[in-house]
Amino acid sequence: RAKQEGRNTWHLYTRDMSAAIAKRLALRNDLQQAMDTEALELHYQPIVDGHTCRVVSVESLLRWRHPERGLIQPSQFIPLAEETGQIIRLTEWALATACQASHALRKHGLLDVRVVVNISPLYFQRADFVQSIRRALQEAGLPGTALEIEITESLLLANKEEAVTKLAELRELGLYTSIDDFGTGYSSLNYLKNLPVDKIKIDRSFVTDIVTDAADAAISQGIISMAHHLGLKVVAEGIETEAQLAFLKRNHCDEFQGYLLARPAPMEALIASLSAGNCRIALPGMPDAPTS
Ligand code: C2E
Ligand code: MG
Ligand code: MG
Ligand code: MG
366 RAKQEGRNTW HLYTRDMSAA IAKRLALRND LQQAMDTEAL ELHYQPIVDG
416 HTCRVVSVES LLRWRHPERG LIQPSQFIPL AEETGQIIRL TEWALATACQ
466 ASHALRKHGL LDVRVVVNIS PLYFQRADFV QSIRRALQEA GLPGTALEIE
516 ITESLLLANK EEAVTKLAEL RELGLYTSID DFGTGYSSLN YLKNLPVDKI
566 KIDRSFVTDI VTDAADAAIS QGIISMAHHL GLKVVAEGIE TEAQLAFLKR
616 NHCDEFQGYL LARPAPMEAL IASLSAGNCR IALPGMPDAP TS
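Numbering (UniProt numbering), first residue to last: 366 to 657.
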């Protein structure tokens, strides 16, 4: 009897397993097809300088327009793409598309807005990573100052010297680099020493309760203070309320990103709103910045 039940459980287990595997396989094939049929899109979310209210950059965020499942968010397919290696092609596509976006911004007179590309650790670690950035810029006829890249802490753990060399080469090219989701990884603060990056992004998980949770507030204040002492700028992501924004502004955070200011949007919509606002987004609840 116990044996019987055991066997049934096993059957259920394998059936669930194979269903999960089949689903993943289907997703992998769909993603391949999406890349072949231009079903992928980048949406762009403004990052605003707290002093001038100018949009200094726009972060590109992948979206997948699926025929049956609608618009799929990156959390639903980036981890899988990383496992299957499809992230390499995805990133190449994103880089080329970000360069086109930069051209579109320039064409509309939005010359100083950098386009940010998220770079997965797998892509960063490739030997020809810097070369692939150089190539993308060259093919698009753009200076390095057109782009900014975001990397995560995890990638610094693997091989710091190699990472430092690559980041320094990007800086030579004129790109800005940021450390994304800062504080969520496992890297020691010591890693920040002598790291040729320009910005640190405070992760949304610290911002969400920043006003009510003393620990989140302290961590954020600590990150800002440390970053400034190291000569780095600080960006806060995931700002949804005026209270969060006010707290961060009061604590000298430099740049702001979140639904409160603007949601990620397709390039045409972004250009329309940036053009209408003279490339500025007023900080809700804050006194107006000088308009010159
Ligand atoms: P991330 O790089 O930390 O991007 C910020 C995420 O926060 C985005 O989610 C953005 O839509 C979301 N966000 C921005 N403001 C707010 C807010 O006020 N409230 C809330 N609740 N969310 C906000 P998204 O677009 O779903 O992307 C999730 C993650 O997927 C990204 O996190 C990034 O790690 C990854 N990702 C997105 N696009 C790419 C890409 O082109 N390449 C790679 N390698 N990863 C990407
Ligand atoms: Mg990012
Ligand atoms: Mg982020
Ligand atoms: Mg994040």
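For each residue, glycine too, the CB sits at the ideal point set by N, CA and C.
ARG430 versus HIS594: straight-line alpha-carbon distance, rounded | Rounded to the nearest angstrom, the gap between the Cα atoms of ARG430 and HIS594 is 43 Å.
Compute the minimum distance between the beta carbon of LYS566 and the heavy atoms of ligand 1, and state whether it is under 8 Å.
-> At least one heavy atom of ligand 1 is nearer than 8 Å to the Cβ of LYS566, so yes.
What three-state label does DSSP hand ILE604 in the structure shown?
-> It is coil, neither helix nor strand.
Cα separation between ASP401 and ARG615?
-> Taking the straight line from one Cα to the other gives about 47 Å.
Residues bridged to TRP429 [DSSP beta-bridge criterion] = Paired residues: LEU405, ILE437.
Reduced DSSP secondary structure (H/G/I, E/B, other) of LEU519 | Checking the sequence, you will find Ser at residue 519 rather than Leu. DSSP places SER519 within a helical segment (H, G or I) once states are collapsed to three.
Note down, in chain order, each residue of its chain lying with its Cβ closer than 8 Å to the Cβ of ARG393, except the 5 sequence neighbours on either side.
-> Excluding residues within five positions, the ones whose Cβ falls inside 8 Å are LEU445, THR449, GLN451.
Could you name the residues that DSSP lists as bridge partners for LEU512?
-> In DSSP, LEU512 forms a bridge with VAL480.
Going by C-alpha distance, which of GLU424, ALA391, PRO432, MET382 is nearest ARG628?
-> ARG628 has its Cα closest to that of GLU424, out of GLU424, ALA391, PRO432, MET382.
Taking only the alpha-carbon atoms, compute the straight-line gap between CYS612 and ILE386 and give it to the nearest angstrom.
-> Reading the sequence as shown, one finds Phe at residue 612 and not Cys. Cα atoms of PHE612 and ILE386: separation of roughly 45 Å, rounded to the nearest angstrom.
From ALA533, LEU535, LEU502, VAL562, residue whose alpha carbon lies closest to that of THR517 = Cα-wise, what sits closest to THR517 is VAL562.
Distance CB(ALA463)-CB(LEU512) smaller than 9 Å | Cβ atoms of ALA463 and LEU512: closer than 9 Å.
Which value, in whole angstroms, describes the spacing of the CA atoms of LEU455 and SER383?
-> Each residue's alpha carbon lies about 27 Å from the other.
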